[in-house]
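J.: Residue numbers for the sequence shown follow full-length UniProt numbering, beginning at 1 and rising by one.
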Amino acid sequence: MSQCEDRVAGAPLSKILQFGDVDQSQTKAQSTEPRPGPISLSAESGRSRDSCIDFKDSYVKQVSKKSSKVRSGHCVQQHETPLGAIFKLLEENIMTFVKNELKKMQKLLRSDYLESMESQKEDEEEELNDENEKQRRSSRDAFLKITLNFLRRMNQEQLADCLQSKSPLICQHRLKSNLKKRFQFVFEGIAKAGNPTLLNQIYTELYITEGGTGEVNDEHEVRQLERASRKLDRAQTTIRHEDIFKGSAGRDRPIRTVVTKGVAGIGKTVLTQKFTLDWAEDKANQDIQFTFPFTFRELNMLKEENFSLVELVHHFFSESKEICRFEQFQVVFILDGLDECRLSLDFHNTKILTDVTKSTSVDVLLTNLIRGNLLPSAHLWITTRPAAANQIPPGFVDMVTEVRGFNDPQKDEYFRKRFKDEQQANRIICHIKTSRSLHIMCHIPVFCWITATVLEALLETRKGGELPKTLTEMYIHFLVVQFRMKNIKYDGGAETDPHWSPETRKIIGSLGKLAFEQLQKGNLIFYESDLTECGIDVRAASVYSGVFTQVFKEERGLYQDQVFCFIHLSVQEFLAALYVHLTFINSGVNLLSQQPTSHTSHTNQEEFAETDLYQSAVDKALLSPNGHLDLFLRFFLGLSLQSNRMFLRGVFRQPQGNADTKGRTCTYIKMMISENLSAEKSINLFHCLNELKDRSLVEEIQQYLSSGRLSTDNLSSAQWSALVFTLLTSEKDLDVFDLKMYAASEEALLKLLPVVEVSKKALLSGCNLTERSCEALSSVLTSQSSSLRELDLSNNDLHDSGLKLLSVGLQSLHCRLESLWLSGCLITHHGCTFLATALNNNRHHLSQLDLRYNYPGDSGVKLLSDLVENPLWRLDTFRVEPGGVQWLRPGLRKYFCELAIDLNTVNGQLQLSDNNRKVTHVEEDQSYPNHPERFDHWPQLLCTNGLTGRCYWEVEVKGGAHIAVTYRGIKRKGNIPDRMLGGNAHSWTLYSCDKYYSPWNNNRGAMIPSSSSSSGSIRVAVYVDCPAGTLSFYRITSDKLIHLHTFNTTFTEPLYPGFRLMFATTVKL
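Quick look at the structure:
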């Protein structure tokens, strides 16, 4: 043990903590004395003495004397040679550095450390702005190690450990400072050459939902976006970015790993940047000590190298090099862009690694980090596009979230932040809302930026002109705006100069070729070799530094390797579509079929060749099972319009489009729509028609819907598809889907199944559904995109076999059904067995089950009752009474009730016959006795039956009559309209005649055309479910019930059947 160590050993901690104190009075006094030349901070100076430990021993005195002798010798030399002056200045700098660092360490060890950090932060920030910061940081790191070494040699282990444990606070501060510098600016759709925007200034909160799975979804992301847009404004579990590791209330275990999904451009990366910036600025998540944001693009560059976890962190974040282990800290690792990962993440065969200091390949390192073998106390946040989400097994993921982009209020907020002129912002918001396709795409923040860029430029140059309404128009103008900017900003051109030149055409051709070839391969990220193959010289940065700082991004990895991508998949698809057009026009080659088409002088041949081009594009897109060419097809067809080509007339050699070609293309698309396509393919073809500005099919259906004259009996396949498209793209709320509003039939349900999938509640009761419908609905319940939470299948003859098929969907983990109504569905104890098995496999969601009016038997009732009593089950409402074998009669006739006419209510012009079962409106007064209940003016009557449950009856009408139910309190005297059945709020009628039907309530009616005209009698059935508040009317044809109309309301009193007859009409019970 050295003399120093021997003397200091055992000294009290309070004494040691005085290390480095400065006597301010002495310092101040000394500073007033005149001193020529540079100040020498020798060990004999007052400052130096006060900065050292006063051990009061001979060792310190001996050191001082020896030092004094050495220094005096050097002082002599400094006048003789410049070397002495240099070393004297070196001594001064070193001593100043040592003194400052020791002061910082002393503050670090004091209890008031946090209070002293603010002044230190200012010093640090000043240093960070110095270009020599890295060298100074290295010196500080080395001095810390020296200090720790000396403290331990002095046997001050406790003090050394304390200093080492608190040094991460310095590392944390340095890390925060650098992360703030790195993330405070965002390049909104612009590469690094562009103008930065403050992230906090432009950031708009994104719509993030909790839930879902990590399963793969390889559909085109625009399909996913459009489907998600139908559910954006519903009540779902939403999360703010700062709460990503907190989850929802009631979660029974802590969250370690979060996977956040979202389509390209939806804002995942900006989301992680905002999380990191908020942490670095001390705004949120201050319980986290270190946040390390990685991107897979950067990690890909280390594919061939080995690191330990600690080394990997030090490699990217040099501020943390003082920390050798992270187990004692709360750490967040952000892994952004799993879909761009080129590492082999093998979660089944990778060797287990638990030591954070042991080196291995980066893929093994990441696999063990995600599995929880490495640093299990850390939090992980992984972002990915949906197609890559299944790379991580669900067992290693605690929560899945989805970035849905902007909801409608957030879109408005974005544009109001972007445009300070309120009038201009309002005009842009209103314009976007007029185009459904633009409004849907604005869920993507990048598309909002594209839209804002285009509309801002057009509003400046077009005073009152027409703004783009289709996607193709928007992207054409985006390209035009960028090239104009290039000409003016980078080429020194004027506003009026043409923006198309041989150079710009070459650029478009090269990037279009790259876009198309990489789209064919499914690549969204490109390397230098890919660009070279397309004739793009990466070194000619000046060619791309203007327009393509915004259209084309260049990302630099850790070793300056260049990775390229377009700012969004849609830009790549647009340029690819433009390239295919240009290739066909310039060389006659159809790249979609690879068959050359020769240009001849015959115009007709050219026109048909172009028609073949568009039809082959439609065919190729339809062959894609996942819709990967959906958006490409929209752009491709949109570029065929002459109005769109006019804006690119400097690019297209033949800018004119042909109206006949457009007509043939639209006809072909409508023919394809008539085929048995999936709903998503059909929807995309309607979007294609919109790009071609042909909305005839949709407008036809919209007119039917708005007029209330939609008759689904004679709809063609194309019209059915148009109906689905109209409903799915409508701004109206689709929370409740009522099949009876369209057609109460199985065929209608199967055609409208996509609408059911996006609805929260489906009302399908009494719609003549069978096993076939159960199988289709089961597929809806198993869909991970299904929104269905309530399903009413009451009064359909499903039988046990249908319930067996439905149970397949009920047991799926994707099924989130909360309420299920199966009353009156001919179910026995066998069906209850299927149901109980399904609910055993998915017990967390269904809370309400209605099995009334069935015959479950004692065994079936017990099976399901046990589920209610089990505390592990959510099922808390189970209704089974009334029940019994009498309810196994098919159809609604099981609820039949015998009506009896109340003779005291019959109007004097109504003649009774056939044992009071038949009523006729005659001219002669029947001289009934006076009675306060009798209707004295209107030719109507009531029955004696007061209905409170489920009831069904049938009537036969010859002529025209109102078939009604009413509260008992309807007024009987006078000719005021509210005395009529259907003329007040408490009576509901269906007027029936041979030409049409008309439902009435509160003196308001509508007309339902009759599909069959007959001069004979008409049979009408009435079904009322008083507790449910439904009243339905049916036409009876060959013993089949054809739904006419249903009233949905709330009945607060018993209902009394009644009739109001036109002259010469007969009604028979």
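All C-beta atoms in this analysis are idealised placements derived from N, C-alpha and C, irrespective of residue type, glycine included.
Since the structure is predicted, the reported quantities are computational estimates derived from the model, not experimental observations.
Quick check on the DSSP output: the alpha helix (DSSP H) that includes residue 922 runs from which residue to which?
T.: Per DSSP, residue 922 belongs to no alpha helix (DSSP H) and is neither H nor E.
J.: Is the separation between the beta-carbon of residue 773 and that of residue 790 shorter than 8 Å?
T.: no
J.: Alpha carbon to alpha carbon, how far is residue 769 from residue 528? Give it in angstroms, no decimals.
T.: 59 Å
J.: Under the rule that 16 or more other beta-carbon atoms within 10 Å means buried, what is residue 1057, buried or exposed?
T.: That one is buried.
J.: Indicate, with yes or no, if the ligand SAH has a heavy atom lying under 7 Å from the CB of residue 377.
T.: Absence of the ligand SAH from the depicted structure is noted, as is the absence of any ligand whatsoever, leaving it without description.
J.: For residue 1100, which of 856, 908 and 875 has the nearest alpha-carbon?
T.: The requested residue 1100 is not part of the displayed model; the chain covers only 1 to 1069.
J.: Do the CB positions of residue 1066 and residue 959 come within less than 8 Å of each other?
T.: With contacts defined as CB atoms closer than 8 Å, residue 1066 and residue 959 qualify as a contacting pair.
J.: Kindly indicate which three-state DSSP category residue 1034 falls into: helix, strand or coil?
T.: strand
J.: Classify residue 335 as buried or exposed, calling it buried when 16 or more other Cβ atoms lie within 10 Å of its own Cβ.
T.: buried
J.: What are the uninterrupted segments assigned as alpha helix (DSSP H) that are 4 or more residues long and contained completely in the region 812-836, given in chain order?
T.: Taken in chain order, the complete alpha helix (DSSP H) segments of 4 or more residues contained in the region 812-836 number zero; there are none.
J.: Have a look at residue 284 and residue 291 and give me their C-alpha separation to the nearest angstrom.
T.: 12 Å
J.: In whole angstroms, what is the alpha-carbon distance linking residue 181 and residue 298?
T.: 19 Å
J.: Hey, residue 483 and residue 453: beta-carbon distance below 8 Å or not?
T.: no
J.: Would you give the residue range spanned by the beta strand (DSSP E) that residue 912 belongs to?
T.: Run containing residue 912: 910-913, per the beta strand (DSSP E) assignment.
J.: Output needed for residue 842: all residues of its chain with C-beta closer than 8 Å, excluding positions within five of it in sequence on either side, in chain order.
T.: 810, 811, 812, 813 and 815
J.: Residue 307 bridges to which residues according to DSSP?
T.: 360
J.: Beta strand (DSSP E) containing residue 688: first to last residue?
T.: Taken as a continuous stretch (DSSP letters only), residue 688 belongs to no beta strand (DSSP E), being part of the alpha helix (DSSP H) at 679-691.
J.: Where does residue 1072 land, buried or exposed, given buried means 16+ other C-beta within 10 angstroms?
T.: Outside the modelled stretch of the chain, which goes from 1 to 1069, sits residue 1072, for which no answer is possible.
J.: Between the alpha carbons of residue 983 and residue 962, how many angstroms are there, rounded?
T.: 11 Å
J.: From the DSSP output, in three-state form, read off residue 1084 for me.
T.: In this structure the chain extends from 1 to 1069, so residue 1084 is not present and cannot be described.
J.: Identify every run of the alpha helix (DSSP H) within the region 319-369, keeping only runs that are complete inside it and at least 4 residues long; order them along the chain.
T.: none
J.: How big is the Cα-Cα spacing for residue 685 and residue 649?
T.: 27 Å
J.: Cβ of residue 400 within 8 Å of Cβ of residue 259?
T.: yes
J.: Consult DSSP for residue 100 and reduce its assignment to one of helix, strand or coil.
T.: helix
J.: Using DSSP with H/G/I as helix, E/B as strand and the rest coil, what is residue 603?
T.: With a pLDDT of 48 at residue 603, under the threshold of 50, the modelled position of that residue is not reliable, and the figure given next carries that caveat. In this structure, residue 603 counts as helix in the three-state DSSP scheme.
J.: Give me the DSSP bridge partner(s) of residue 1025.
T.: 950 and 1030
J.: Please report the distance separating the alpha-carbon of residue 332 from that of residue 369.
T.: 12 Å
J.: So what does residue 612 bridge to, in DSSP terms?
T.: Bridge partners of residue 612: none, in fact.
J.: Tell me the DSSP secondary structure of residue 860 in three-state form.
T.: helix
J.: Straight-line CA distance for residue 397 to residue 307?
T.: 24 Å
J.: Assign residue 996 to buried or exposed, taking buried as 16 or more other Cβ atoms, counted over all protein chains shown, within 10 Å of its Cβ.
T.: exposed
J.: Between which residues of its own chain and residue 943 is the CB-CB distance below 8 Å, once the five residues before and five after are set aside?
T.: 899, 900, 901, 902, 1056, 1057 and 1058
J.: Based on Cα-Cα distance, which residue from 683, 1019, 356 and 392 lies nearest to residue 1043?
T.: Checked all of 683, 1019, 356 and 392; the closest Cα to residue 1043 is 1019.
J.: Suppose only complete runs of 4+ residues qualify. What are the alpha helix (DSSP H) ranges in the region 728-795, listed by chain order?
T.: 746-751, 753-758 and 771-782
J.: Cα-Cα, which of 522, 566 and 693 is closest to residue 629?
T.: 522
J.: Roughly how many angstroms lie between the CA atoms of residue 642 and residue 473, to the nearest whole one?
T.: 12 Å
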